[in-house]
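Student:
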Amino acid sequence: MREVQPPGDARERFSGAERKEDREKHRRPGRLLAVFKGLVMLVLLTVTAYGMLNAGLYRDMLWLPVAAGILVLLFVTLFVRGFYWDLPSVGILLVGLLAALVVVKGLSMVWTISETETIKEMLRSSMYLATFLMAVAALTSGRQVGPLIDVSIIIVAAVAGYGLLQKISPIEYPVRSLDGVRMDSTLEYSNTTAVILGMGVVLALARMGTLRNFVLRGLYAAITLSFLIALYLTVSRGGIGSLGIGLIVLLVLGSGRLRMLADLLLLSLPGAWLWWQMQSLPGLLGTGVLRQQKIDDGILFRNDLILALLVAFALQAAYAFLANRYELASGAKRWLGILVVAGGVIAVVLGALVVANMYGGPEQAYAALVGNANETENVGQRLVSLDISSRGDYWMVAWEAWKERPFTGTGAGTFQYTWLEDRPGFKGVKQVHNVYLEQGTETGLFAFLALLGFVTVLVGYTGRAAWRSGQQGERRLLLAGLGSTLLVYLVSSAFEWHWYLPASTLFFFLLAAVAVKFASREDWGAAEAPADGETERPTQHPR
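Under our numbering, the first residue of the sequence shown is numbered 20, with each subsequent residue one higher.
1) Given a threshold of 16 other Cβ atoms within 10 Å of its Cβ, counted over all protein chains shown, does Glu493 qualify as buried or as exposed?
2) What are the complete beta strand (DSSP E) segments, minimum 3 residues, inside the region 109-139?
3) Taking the C-alpha atoms as reference points, what is the distance between Val268 and Leu309?
4) Rounding to the nearest angstrom, what Cα-Cα distance links Leu272 and Phe473 in this structure?
5) Tell me which residues share the same chain as Ser171 and place their Cβ nearer than 7 Å to its Cβ, disregarding the 5 neighbours each side in the sequence.
6) Could you have a look at Gly305 and say whether DSSP puts it in helix, strand or coil?
7) Look at the alpha carbon of Trp543 and the alpha carbon of Gly101, and state the distance between them as a whole number of angstroms.
8) Which runs of the alpha helix (DSSP H) fall wholly inside the region 462-520 and span at least 4 residues, in chain order?
9) When the Cβ atoms of the region 242-262 are set against those of the region 465-482, are three or more pairs found closer than 8 Å?
10) Report the rounded CA-to-CA distance for Leu498 versus Ala327, giving the unit in angstroms.
11) If we ignore side chains and look at the alpha-carbon of each, how far apart do Phe246 and Leu501 end up?
12) Between which two residues does the alpha helix (DSSP H) carrying Asp441 extend?
13) Out of curiosity, what's the CA-to-CA distance linking Val448 and Ser204?
14) Using beta-carbon positions only, say whether Leu64 and Gly228 come within less than 8 Å of one another.
15) For the alpha helix (DSSP H) holding Trp421, just list the boundary residues, first then last.
16) Rounding to the nearest angstrom, what Cα-Cα distance links Lys422 and Phe467 in this structure?
17) What did DSSP end up calling Tyr192 once you bin it into helix, strand or coil?
18) Ignoring anything shorter than 3 residues or poking outside the region 176-264, list the beta strand (DSSP E) runs there in chain order.
19) Quick check on the DSSP output: the alpha helix (DSSP H) that includes Arg344 runs from which residue to which?
20) Please name the residue in Ala431, Tyr413, Gly459 and Glu140 whose C-alpha comes closest to that of Gly444.
21) Hey, Ala118 and Leu148: beta-carbon distance below 8 Å or not?
22) Got a sec, what are the start and stop residues for the alpha helix (DSSP H) Ala291 sits in?
23) Here's the rule: buried if 16 or more other CB atoms are within 10 angstroms of the residue's CB, otherwise exposed. What is Asn322?
24) For Ala74, which three-state DSSP category applies?
25) In angstroms with no decimal places, state the Cα-to-Cα distance between Trp295 and Arg226.
26) In its own chain, which residues sit with a C-beta less than 7 Å from the C-beta of Ile132, not counting the 5 before and 5 after it?
27) Can Met128 and Glu134 be called in contact, C-beta distance under 8 Å?
28) Return the Cβ separation of Leu464 and Phe426 in integer angstroms, given the expectation that the two are a contact with Cβ distance under 8 Å.
29) Going by beta carbon distance, what residues of the same chain come within less than 6 Å of Tyr77, once the five residues before and after it are set aside?
30) Assign Gln185 to one of two classes, buried (16 or more other C-beta atoms within 10 Å of its C-beta) or exposed (fewer than that).
31) Comparing C-alpha positions only, which one of Ser511, Ser108 and Glu515 sits nearest to Gly217?
32) Using a Cβ-Cβ cutoff of less than 8 Å, which residues in the same chain neighbour Gly75 once the five nearest sequence positions on both sides are dropped?
33) Which word fits Glu440, buried or exposed, when buried means at least 16 other C-beta atoms lie within 10 angstroms of its C-beta?
34) May I have the straight-line CA-CA distance separating Ile248 from Ile264, to the nearest angstrom?
35) Using three-state DSSP, classify Tyr385 as helix, strand or coil.
Spelled out as structure tokens, the structure:
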């Protein structure tokens, strides 16, 4: 007779234990790989944060060791089995475009007018390529996106905090910008500091929209206001303009637009009051101000700033508490939306009238608009000027040099020598102040097309993924926030040389990698975010 084993027999239990142990063996390498990927992402974030706090890694002695370390880390990951197995197809395409850019820069060694500068530029671009590639591969879950954005905001907060200290305690934390007035923070360049702050504003607004805890929302509101105030103190027209474009794209692509507009309106109340108070403090942005007055105005600014941040926290916390507790009817939402939009329009009109009145009338305001941005006693007044300073000369020289060598350029990193040959005056400059034109004049048409292709695919793919993510939900809001943040950097790069401040560009490529990987994985759908005044309700399960 065949022996029948009763349920729960010892041999059956032993067989089940073996199967469980076998499953654990198969699962363990995946866990180890996930841990290693997490460590790689942590290293990249740490390096970026270090660079943000250390002069943006601008000097060769700062960024060359970092580049060597990142390339060594890339070499190690090549031998880790499975590290790059989950690269999305769009990520491979973007890596290919960046690799083409690096290859062209390397080939320019054949015809360059400065081998040293070309080698450094090739290493710099290789560092960016390696960072993007490893970051795309290192992201393993959609649940990591929110915390990564939080860490990014903390990095920006460190930059903003130091910059505010430069105005609060100008003797202990001196400004190192060329005019000695515009806040430059730890990056030591006002315009790059501005673009990092603008990226932080967009990230914070998007992340705040995914939070339901009223305390956290209030905290994010205070952080966002501090970013905006620090951005104003940089007096960077390009940074502020790029932020404006990023906010428009965020409103178009994001979910919960009414709530986002309400967040901005609540921020504008303490922000407008603080800006008005700052106009009576010449020690903040005035030129030729005595040392003691800077100290006194810094103390007054500190007190006003603390009050404004507390009000921003309280307003947002109260609004979030009420929005989570009570749901508005559709008609009430419509009227609330009309009121928010009308309030925004009124605020813009009143702001324009106040600015015109500060200049003594519309005619004087127009004269300042078309006049020289540097001929003002208060540096803040340059914000209303359309003067592009010396950039027109840089662009003209770069364009003429590109036309002479359309396919090869003069060699990667060599514009400073082109400028010395054809400059209209005696002013020295190293960069074109336009990263796209710089690729063309230094490395020719193919490098220009490689960078342009990377930007087009990155922005188009991320924007398309955000638009197709549904009307509501945390996924759409985070994708819109990431895409808009990248756009802030890319727009500003048409007027600046952020590429040569590695910390800012590493920050960009990290966020770009997160955006691409998150956009490519539709199965990484995050939990729904509260829409316009709605609250999350528990799902009803059938009995």
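Here a beta-carbon is modelled for each residue, glycine too, at the ideal position from N, C-alpha and C.
Tutor: This is what the structure holds:
1) buried
2) none
3) 43 Å
4) 21 Å
5) Leu222 and Leu530
6) strand
7) 20 Å
8) 493-511
9) no
10) 30 Å
11) 17 Å
12) Phe434 to Asp441
13) 22 Å
14) no
15) Arg410 to Glu423
16) 13 Å
17) coil
18) none
19) Arg310 to Arg344
20) Tyr413
21) yes
22) Arg276 to Met297
23) exposed
24) helix
25) 28 Å
26) Thr429, Gly430, Thr433 and Tyr436
27) yes
28) 5 Å
29) Leu520
30) buried
31) Ser511
32) Thr205, Leu206, Glu207, Tyr208, Thr211, Leu520, Pro521, Ala522 and Ser523
33) exposed
34) 18 Å
35) Reliability fails at Tyr385, whose pLDDT of 41 lies under 50, so the model's placement of it is uncertain and the value that follows must be treated cautiously. If DSSP states are grouped into helix, strand and coil, Tyr385 belongs with the helices.
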